[in-house]
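Engineer:
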Amino acid sequence: MAEDEDRPRKVRRLASSKPKLGRMVTVSVGTGDKARDFYLHEDPIIEHSDFFKAALAGNRWQEGTERKVLLPEDEPEEFEGFQCFVYSGLTFLLNHPDGECSSIVHAWSFADKLQSCSYKDALTDSLALKVATSAKTPVGMQYGIADGSSVSAGLTRLLVDLAICYWTIGAFEKLDLEAAPKTFVRKLLVGLAEDRTRTNEDKPWLNEDCHYHDHGEEKPCYKTMFTY
Amino acid sequence: MPSQGLTTDVEFTPVWLILENAFTEIHTKNASKLSFEELYRNAYKLVLKKKGEELYNKVVAFERAWLASVRSLVVHTLSAPLLMGDEVGGRTLATTNERREAGEKFLRCLKQAWEEHNTCMGMLTDVLMYMDRVYCTDHRKQSIFAKAMGVFRDEILRTEFRQEMPVLLEVLRRVVLDQIQMARDGEAVDPFVIKSNVYMLEALYRSEQEVEDEKLYLRDFEPDFLSQSRDFYRGEGERLLKESDAGTYCRHAKRRIDEEGDRCRSTLSETTTPKIQMVVEDELIRNKMKGLIEMESGVAFMVDNDKLHELGLVFELEARVDPRKPELTKAIQRIVMEMGAAINNAAIAASEAAPTTEAVAPAEEQEEGGKKAAPAKAINAQTLAALKWVAEILALKDRFDAICRQAFASDQVLSTTLNRSTADVINSFSRSSEYISLFIDDNMKRGIKDKSEAEVDALLEKSIVVLRYVADKDVFETYYKKHLCKRLLLKKSQSVEVEKLMISRMKVELGNAFTGKLEAMFKDMTLSEELSNGYRKHVAGMQRDDGGEGGGAKAAELSIKVLTSMTWPLEAFRSGVDSEGMEGGNGKGGRVEILLPPEIRRVKEGFERFYAQKYSGRRLTWQNNMGDADVKARFPSSRHAVHDVNCSTYAMLILLLFNNDDNARGARLGGKEMTLEEIEAATNIPMDDLKRNLQSLAVAPKTRFLVKEPMSREINAGDRFRWNEGFTSKFMKIKVGVVSAGNKVEGDRERRETEKKSNDSRGFAIEAAVVRVMKQRKELPHAQLLGETITQLSHQFRPDVGMIKKKIESLIEREYLERVEEAAVPSYRYLA
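Residue numbers (this note's numbering), protein chains in the order written: chain D, 3 to 230; chain C, 5 to 836.
(1) Go through its chain and collect everything with a Cβ distance to Ala655(C)'s Cβ below 7 Å, but skip five positions before and after it.
(2) Taking the straight line between their C-alpha atoms, what separation do you get for Lys782(C) and Met691(C)?
(3) Is Lys115(D) close to chain C? Criterion is C-beta to C-beta, closer than 8 Å.
(4) Could you check if Tyr539(C) is buried or exposed, using at least 16 other CB atoms within 10 Å of its CB as the buried criterion?
(5) From the DSSP output, which residues share a beta bridge with Ser652(C)?
(6) Listed in chain order, which residues of the stretch 76-96 of chain D have Cβ atoms closer than 9 Å to some Cβ of chain C?
(7) If you measure beta-carbon to beta-carbon, which residues of the stretch 38-63 of chain C are closer than 7 Å to chain D?
(8) For the stretch 111-129 of chain C, list every residue whose C-beta sits within 7 Å of some C-beta in chain D, in sequence order.
(9) Count the C-beta pairs between the stretch 27-46 of chain C and the stretch 49-65 of chain D that are closer than 8 Å, then say yes if the count reaches three, no if not.
(10) Is Asn688(C) closer than 8 Å to Leu599(C) when the C-beta atoms are compared?
(11) For the stretch 139-153 of chain D, which residues have a beta carbon sitting closer than 7 Å to at least one beta carbon of chain C?
(12) Counting beta carbon pairs with one atom in the stretch 119-138 of chain D and one in the stretch 206-224 of chain D, are three or more of them shorter than 8 Å?
(13) Mind reading off the beta-carbon distance from Ser437(C) to Val479(C)? Whole number of angstroms is fine, and I expect it under 8 Å.
(14) Keeping to the same chain, check which residues put their C-beta closer than 7 Å to that of Val805(C); ignore five residues upstream and five downstream.
(15) Please go through the same chain and pick out, in chain order, the residues whose beta-carbon is closer than 7 Å to the beta-carbon of Gly451(C), but skip the five residues on each side of it.
(16) Just checking: is the beta-carbon of Phe53(D) within a distance shorter than 8 Å of some beta-carbon in chain C?
(17) Using 10 angstroms around the beta-carbon of Met715(C), count the other beta-carbons present and answer buried if the total reaches 16, otherwise exposed.
(18) Judging by CA-CA distance, which residue of Asn628(C), Ala106(C), Met570(C), Met546(C) is the nearest neighbour of Arg613(C)?
(19) Under a CB-based cut-off of 8 Å, is Trp207(D) close to chain C?
(20) Is the stretch 407-423 of chain C in contact with the stretch 316-336 of chain C, if contact means three or more CB pairs nearer than 8 Å?
(21) Residues of chain D with CB closer than 8 Å to the CB of Thr141(C), please, in chain order.
(22) With Met3(C) as the anchor, note down where its beta strand (DSSP E) starts and where it stops.
(23) Beta carbons nearer than 9 Å to chain D: which residues of the stretch 130-164 of chain C have them?
(24) Specify, as a first and last residue, the run of the alpha helix (DSSP H) that Val500(C) falls within.
(25) State yes or no: is the beta carbon of Trp63(D) nearer than 8 Å to at least one beta carbon in chain C?
(26) For Leu4(C), which residues does DSSP report across the bridge?
(27) Compute the Euclidean distance between the alpha carbons of Tyr820(C) and Leu442(C), then round it to the nearest angstrom.
(28) Hey, which unbroken runs of the beta strand (DSSP E) at 3 residues or more fall wholly within the stretch 61-131 of chain D?
(29) At what residue ranges does the stretch 158-238 of chain C contain a whole run of the beta strand (DSSP E), taking only runs of 3 or more?
(30) Compare the Cα-Cα distances from Leu835(C) to each of Val197(C), Val775(C), Val51(C) and report the closest residue.
(31) What's the C-alpha gap between Trp169(D) and Pro140(D)?
(32) In this structure, how does DSSP classify Thr123(C) when only helix, strand and coil are distinguished?
(33) Does the beta carbon of Val92(C) come closer than 8 Å to any beta carbon on chain D?
(34) Quick one: which chain D residues come within Cβ less than 8 Å of Ala35(C)?
(35) Contact criterion: CB-CB distance below 8 Å. Does Leu125(D) meet it with respect to chain C?
(36) Of all Cβ atoms in chain C, is any one closer than 8 Å to the Cβ of Ala57(D)?
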């Protein structure tokens, strides 16, 4: 685990606060040659994913009785990213052909499928951090978002805000209206209308707060979940 | 590469078939072979492809169809005994047992349907998680779970299953109410199955907007339950009041309240507990309390028969519905007042039955003289009445204190009521102050003899307890002073220590102002003792110096009490005067110079000189009508050579007239004969006192030192007296009784005097209080002045408003106050 400056590592902890790990679960990702088995502790993945929580609850489903979850239509690399996040609280990103930003968006979609709010928010933060520290303006990420995914998701909001702030005229001209999610386009238009009153200093993605997070009031921010 | 859900297009129908199939498996409890991931993925894909709405509607339709089949299962359990219900609360012709079993069968089936529905919907919700989170949230739809609950309500509970039949919700309500009624009648019903159905009603809402107080339980069940219960308990309460006694009623009511509370816990909902208890309390307690308290076996009966436990039940019942317990308070107050009035009336009757003069007990107070069998001292019947009164008041108070402690949990309200009622009883009795003082007097003189410290302490405490209630403390003070004065001067008190203890208790209870004068009396006593001793030494010294001037043998010893004139109520000693008793002759009686024989006069003059040396400027007034003397007397025919005679000062003077000087070794009575008039002339003793003393000396058989001619009880003018040479007595010490020296209840005339006196002193107290208040406030409205004056005086007595007004008038006349002319309300101003 990397040293966090805001949260100095303390080596002495009370026994009562030790992490809960639970039993082991097998997660088999992909099909055929690409298939890979992962062995994880039950408690952390249940904590970070409502999908796993439902799948492993009691003996309701096959997954529960067999202690094994199959994810045939997903990619082992994506799951590995999730696994690493679950144990570390950090995002480890693939070198996606379309660049790091696109890989973040893909990882986010996977996190959305697993209903892992914490992973989603961490990925959104990673994207904001990436944009804030690089000179390049990301352009094509919106195509990675499914049309049916949540309109109010933090990632969509961040992408809209980034487009309003950084896109050139050319970028707008090149926007593929067929491929872009309708929710994104609608939000972008609303945002542009609002932007006429917005000042340049107002860039929420530069703040390290929960502006783009999906956890809401009920769930904790992932930043508070990793105390080790 | 993004996941396939995003790239491949999805056909709705095949995917839905997979899901529908799985849902059927779930509803038939075959889910454990299903892969959650597969179902989840399929639903997820449909939502991603914007088919959320279609999916949602399909699921609802599926549930609707499924529940319709469940409904017919439930309807199937409805058997004849349940359906034959007439309109009056589900009563049927079937036997209770049949009805109960049929009802339970129905309830169990409904419970099962509900619980299975919940379980299945929990699983469906998991599968449809992505739809709930994304589609339902973005489109502001009810969650699928909530929607399915509404479907259950509509399909199962609200759908008409047969014409002319009530819907299942109505059937359910009737069955549950019927079961509860059976439970109340003592049948054993299954609480758990009812409770499960109540859970269901609590989880369902009337409409899609899940408003908290729109729960089916609150709207469609509870009101009927409460009104049915109200009818039932109203009837039951009325029946019980007629049929059983109050104790049984209390126990029953308490049991019913507990039962309903338990029922809410075990069978219905805890939220109903306060409401149903309110209903039972209304019907069994609040509306019946008055009837219950007043019934033949009610509170009065319980008090009479010491039914503490049942009183406790009544108390608990009423405390439950009203912390002020108005009915019980009223009842207890009435009972205390009634019992108190009986005691007061008995005391008045007793005192009126007894003659007010003391003719019955003439000079019978022969005490001591070695005679042990003298407890049957004649106590005046009135004094007895006083003692009886105090004892009964104490018993009354003890009794109700015990009731309050044991049955009423020492309740504040009831204690206050008891105290107030007791005070009312005591203060409504005009002689309470006098009787309490007499009670203490009697105990000081006789009661505390041979008693342990603790017993004495308890006695003192009792006196204080009663005294605490007396409002007119000033009247009590007057009596107490009078009685104490006699006890001290006549040495009737058993123990000065106990007297002082009593005073110090009064000090704690009533304050310094109250006991100041009483303490001064004790101080006088102590000082007098020192004076007497000092004088005795002084005389002894003089005798040594003079070598026995005047003959040492003849010098009388003197023990003296010097009393501060304002402190001691010496007029008390006139109280022996009969009601017809010559006030004119006696009014200045104390001032007539009594003629003393030389040996006595010498002593008196000697002491006056001695006293003048010690305290110059003080004048001594001799109270010859008080005091007593020890005289040695010889009677030739008596078996003792010398008798020690103790008699009053006056009796001594009379005896000395008959003294035979020839025998100088001791007082020996000689053969001289004197008439009444001669004796009066020789001594100057007031005629009334003279007659009474002569009665003691010449009529009372045991102390007949003189022979009277003619012999008769009464002393009349012209009677002649001579020494009784033949006197004999087996006792060496003889005490000559003094008629009417004890403390007794006052006669009417005395009471009038006492009242007048206390009115006078109240007048002064009121004036002083008014002046104090005005001096401080300078200007004050009339009403406020009255109020403050009353407050100031309340620890002494209850001032009469008319008297205060009169005193204010008088103060204005004397120019201490003036009316404020320009004030809006009548006001006064203080004139410095």
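Ideal Cβ placement from N, Cα and C applies to all residues, glycine included.
If you're wondering where the values come from, they're calculated on a predicted model, not measured in any experiment.
Structural biologist: In this structure, then:
(1) Looking up residue 655(C) in the second sequence gives position 651. Take Ala655(C), set aside five residues on each side of it, and the residues of its chain with a beta-carbon closer than 7 Å to its own are Asn697, Ser700, Leu701, Val740, in chain order.
(2) As a working mapping, residue 782(C) is identified with position 778 in the second sequence. As a working mapping, residue 691(C) is identified with position 687 in the second sequence. Roughly 56 Å separates the two Cα atoms.
(3) For the purposes of this step, residue 115(D) is taken as the residue at position 113 of the first sequence. Closer than 8 Å to the CB of Lys115(D) there is at least one CB belonging to chain C.
(4) Position 535 of the second sequence, counted from the first residue, corresponds to residue 539(C). Flag for Tyr539(C) reads buried.
(5) Here residue 652(C) refers to the residue found at position 648 of the second sequence. Ser652(C) pairs with Asp632(C).
(6) From the stretch 76-96 of chain D, only Asp76, Glu77, Glu80 have a Cβ closer than 9 Å to chain C.
(7) Result list: Leu38, Ser39, Phe40, Glu41, Tyr44, Arg45, Tyr48, Val51, Leu52, Lys53, Lys54, Gly56.
(8) Result list: Met127.
(9) Because the criterion of three Cβ pairs below 8 Å is met, the stretch 27-46 of chain C and the stretch 49-65 of chain D touch.
(10) Translated into positions along the second sequence, residue 599(C) becomes position 595. Translated into positions along the second sequence, residue 688(C) becomes position 684. Yes, the pair counts as a contact, with Cβ atoms nearer than the cut-off.
(11) Of all residues in the stretch 139-153 of chain D, Gly146, Ala148, Asp149, Gly150, Ser151, Ser152, Val153 have a Cβ within less than 7 Å of some Cβ in chain C.
(12) Because the criterion of three Cβ pairs below 8 Å is met, the stretch 206-224 of chain D and the stretch 119-138 of chain D touch.
(13) As a position in the second sequence, residue 437(C) is number 433, starting the count at 1. As a position in the second sequence, residue 479(C) is number 475, starting the count at 1. In this structure Ser437(C) touches Val479(C) by the C-beta definition: roughly 4 Å separates them, less than 8 Å.
(14) Translated into the one-based positions of the second sequence, residue 805(C) becomes position 801. Excluding residues within five positions, the ones whose Cβ falls inside 7 Å are Leu790.
(15) Walking along the second sequence from the start, residue 451(C) turns up at place 447. Contacts found: Leu463.
(16) The residue you call residue 53(D) lines up with position 51 of the first sequence. For Phe53(D), the answer is yes, since a Cβ of chain C falls inside 8 Å of its Cβ.
(17) On the second sequence, residue 715(C) is found 711 positions in, with the first residue counted as 1. So Met715(C) ends up on the exposed side.
(18) Here residue 613(C) corresponds to residue number 609 of the second sequence, with the count starting at 1. Among Asn628(C), Ala106(C), Met570(C), Met546(C), the Cα nearest to that of Arg613(C) is on Met546(C).
(19) Stepping through the first sequence from its first residue, residue 207(D) is reached at position 205. False, the Cβ-Cβ gap to chain C never drops below 8 Å.
(20) Segment contact: the stretch 407-423 of chain C against the stretch 316-336 of chain C, three or more CB-CB distances shorter than 8 Å; contact assigned.
(21) As a first step, residue 141(C) must be located in the second sequence, where it is residue number 137. Here the neighbours are Ser152, Ser154.
(22) Residue 3(C) lies beyond the range of chain C shown here (5 to 836); nothing can be said about it.
(23) Residues Asp130, Val131, Met133, Tyr134, Arg137, Val138, Tyr139, Thr141, Asp142.
(24) Reading the second sequence from its first residue, position 496 is the one you call residue 500(C). In the DSSP assignment, Val500(C) falls within the alpha helix (DSSP H) that extends over 500-514.
(25) Locating residue 63(D) in the first sequence gives position 61, counting from the first residue. So, interface residue.
(26) For residue 4(C) there is no data in the structure shown, the boundaries of chain C being 5 and 836.
(27) Your numbering for residue 820(C) matches position 816 in the second sequence. Your numbering for residue 442(C) matches position 438 in the second sequence. Between Tyr820(C) and Leu442(C), the C-alpha separation is close to 40 Å.
(28) Correct list: 70-73.
(29) Correct list: empty.
(30) Position 831 of the second sequence holds residue 835(C). Looking at the Cα atoms, Val775(C) is the closest of the given residues.
(31) Numbered from 1 along the first sequence, position 167 holds the residue referred to as residue 169(D). Numbered from 1 along the first sequence, position 138 holds the residue referred to as residue 140(D). Rounded to whole angstroms, Trp169(D) to Pro140(D) spans 8 Å at the Cα level.
(32) As a first step, residue 123(C) must be located in the second sequence, where it is residue number 119. Three-state DSSP puts Thr123(C) in a helix.
(33) Your numbering for residue 92(C) matches position 88 in the second sequence. Any answer about Val92(C) is weak, because its pLDDT of 44 lies below 50 and its placement is not dependable; what the coordinates show is given next. At least 8 Å separates the CB of Val92(C) from every CB of chain D.
(34) The residue you call residue 35(C) lines up with position 31 of the second sequence. For a Cβ distance threshold of 8 Å, residue set Arg62, Trp63 of chain D lies close to Ala35(C), ordered along the chain.
(35) The residue labelled residue 125(D) in the question sits at position 123 within the first sequence. Under the Cβ distance rule, Leu125(D) does not count among the residues neighbouring chain C, no pair being separated by less than 8 Å.
(36) For the purposes of this step, residue 57(D) is taken as residue 55 along the first sequence, with counting starting at 1. Taking Cβ atoms only, chain C reaches closer than 8 Å to Ala57(D), which makes this a yes.
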